[in-house]
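Under the working numbering, read the sequence shown as residues 658 to 802, first letter to last.
Ideal placement from N, C-alpha and C gives every residue a C-beta, glycine not left out.
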Amino acid sequence: MFPRMSTSEMVGPGDTAAAVAVSTERLRQRLQQEGVSEAAIADSERIVRTEFEVLHKQLMLLKQKQTLLLDTLRQLEKEVLVNLMIIMNHKIQLKTKLTMMRIYILIHEISCHQVLLKAVDLISKDQKLVRMMRMIIQWMVLIPL
658 MFPRMSTSEM
668 VGPGDTAAAV
678 AVSTERLRQR
688 LQQEGVSEAA
698 IADSERIVRT
708 EFEVLHKQLM
718 LLKQKQTLLL
728 DTLRQLEKEV
738 LVNLMIIMNH
748 KIQLKTKLTM
758 MRIYILIHEI
768 SCHQVLLKAV
778 DLISKDQKLV
788 RMMRMIIQWM
798 VLIPL
């Protein structure tokens, strides 16, 4: 089944806002070196954190979408397997019915063949009877009453 690893393994450990928090310390040091006021530095840090927060929310939404898509894919795989099993079952049933029909036809053909053999046998016995009757008639003609 897809995927081969769980969603938590794909994302990695510690996927919380605290674990992926961004540090603005280097930005603060650089702005201080340039002589930027403390209010501008604080405003810059706030902007960076706000942008990071927006980016983090978008990433979390994408992660949720991915999880939903993976769940949907797993469900579709299950449905495909169930459908394949149903199809295979129908094929087996059709093969069984076809085999039974072939057996019935063979039995019917054998029965018809046996009936024909019996009819031929009866006809041949009737011919023997006809021959015997002819012989008796001939004898009766020969023997005066």
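Pop quiz: S701 and L712 are said to be a contact at Cβ under 8 Å. What is the actual Cβ separation, rounded to whole angstroms? Within the sequence shown, residue 701 is the residue found at index 44, counting from 1. Within the sequence shown, residue 712 is the residue found at index 55, counting from 1. Actually they are not in contact, since the Cβ atoms of S701 and L712 sit about 16 Å apart, beyond 8 Å.
Are the CB atoms of V705 and T681 within a distance shorter than 8 Å? Here residue 681 is taken as the residue at index 24 of the sequence shown, counted from 1. Here residue 705 is taken as the residue at index 48 of the sequence shown, counted from 1. Closer than 8 Å, so yes.
For V737 and F709, which I take to be in contact (beta-carbon distance under 8 Å), what is that distance rounded to the nearest angstrom? Numbered from 1 along the sequence shown, position 80 holds the residue referred to as residue 737. Numbered from 1 along the sequence shown, position 52 holds the residue referred to as residue 709. Actually they are not in contact, since the Cβ atoms of V737 and F709 sit about 41 Å apart, beyond 8 Å.
The alpha helix (DSSP H) that contains E682, what's its start and end? Taking the first residue of the sequence shown as position 1, residue 682 is located at position 25. Per DSSP, E682 belongs to the alpha helix (DSSP H) from E682 to Q690.
Is the Cβ of E708 closer than 8 Å to any Cβ of chain C? Going by chain labels, chain C is absent from the structure shown, which holds only one protein chain.
Below 8 Å on the Cβ atoms is my contact criterion, and I expect I698 with Q690 to pass it. Report the Cβ-Cβ distance as a whole number of Å. Your numbering for residue 698 matches position 41 in the sequence shown. Your numbering for residue 690 matches position 33 in the sequence shown. 11 Å between Cβ atoms; not a contact.
Express the C-alpha separation of G692 and T707 in angstroms, rounding to a whole number. By one-based count along the sequence shown, residue 707 stands at place 50. By one-based count along the sequence shown, residue 692 stands at place 35. T707 and G692: Cα-Cα distance of roughly 23 Å.
What's the gap between the Cα of Q732 and the Cα of M717? Counting from 1 along the sequence shown, the entry for residue 732 is found at position 75. Counting from 1 along the sequence shown, the entry for residue 717 is found at position 60. When rounded, the distance between both Cα atoms is 23 Å.
Could you have a look at S818 and say whether DSSP puts it in helix, strand or coil? Within the shown structure, residues of the chain are numbered from 658 to 802, placing residue 818 beyond reach of any answer.
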